[in-house]
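Colleague: Have a look at this one.
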Amino acid sequence: MDGSGHRLMYLQFHYKSPQPKPRKLILWNFRKDRWDRYSRLSDEYVTEDLINDNPDKSAELFVKGILRTTKESIPRGQVKKHLPFWSEFLDLLKSERNAARCPAESFHITDCILPGKA
């Protein structure tokens with residue numbers, strides 16, 4: 001079995017391609033918002049002067065004005081689960097519900113408890 005003189009070679013190569021960094025979401029802290037300032041600044045930055053013959057340029061200027069207003073009036077923060085409708089009254093109701101649920105579950109009175117996620 002004389003071959004062509006080629007030898008079998010085993011080559012193992014480890015290469016990790018650089019992974020692109022995921023873009024971090026811009027999170028706004030709506031709990032500390034200042035809507036009166038937002039309203040005043042939006043009236044100041046978004047005016048009819050932004051309208052011109054080029055609709056793309058007008059849209060770009062409009063978006064820049066809104067983002068500038070937002071950056072100046074709503075602080076950035078790491079509040080991920082802000083629920084605008086949630087209030088202290090709802091916190092009280094939820095704690096009362098949980099307080100009533102614990103004894104009901106301990107006495108195995110589960111037929112009056114509706115299954116729920118919350």
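With UniProt numbering, letter number 104 in the sequence shown gets 104, and the count goes up by one each step, no holes. Even glycine gets a Cβ: it sits at the ideal position worked out from N, Cα and C.
For PHE62, report the span of its alpha helix (DSSP H) as first-last.
Modeller: Bounds of the alpha helix (DSSP H) holding PHE62 are 55-73.
Colleague: Report the residue from LEU90, ASP56, VAL46 whose alpha carbon sits nearest the alpha carbon of GLY65.
Modeller: With respect to the C-alpha of GLY65, the residue from LEU90, ASP56, VAL46 having the closest C-alpha is VAL46.
Colleague: Between the alpha carbons of ALA118 and LYS32, how many angstroms are there, rounded?
Modeller: No answer about ALA118 holds up, because its pLDDT of 48 lies below 50 and its placement is not dependable.
Colleague: Do the CB positions of LEU25 and GLY77 come within less than 8 Å of each other?
Modeller: no
Colleague: How many Å lie between LEU92 and PRO84 at the Cα?
Modeller: 16 Å
Colleague: What are the boundary residues of the alpha helix (DSSP H) that includes ASP36?
Modeller: 35-45
Colleague: Rounded to whole angstroms, what is the Cα-Cα separation between GLU48 and ARG68?
Modeller: About 17 Å.
Colleague: Considering LEU48, what are the terminal residues of the alpha helix (DSSP H) in which it resides?
Modeller: Checking the displayed sequence, the identity of residue 48 turns out to be Glu instead of Leu. Counting along the chain, no alpha helix (DSSP H) covers GLU48, and no H or E run does either.
Colleague: Closer than 8 Å by C-beta to GLN19: which residues in its own chain qualify, once you throw out the five before and the five after it? Chain order, please.
Modeller: none
Colleague: So, using beta-carbon positions, are LEU50 and GLU72 closer together than 8 Å?
Modeller: Remark: C-beta atoms of LEU50 and GLU72 do not approach each other more closely than 8 Å.
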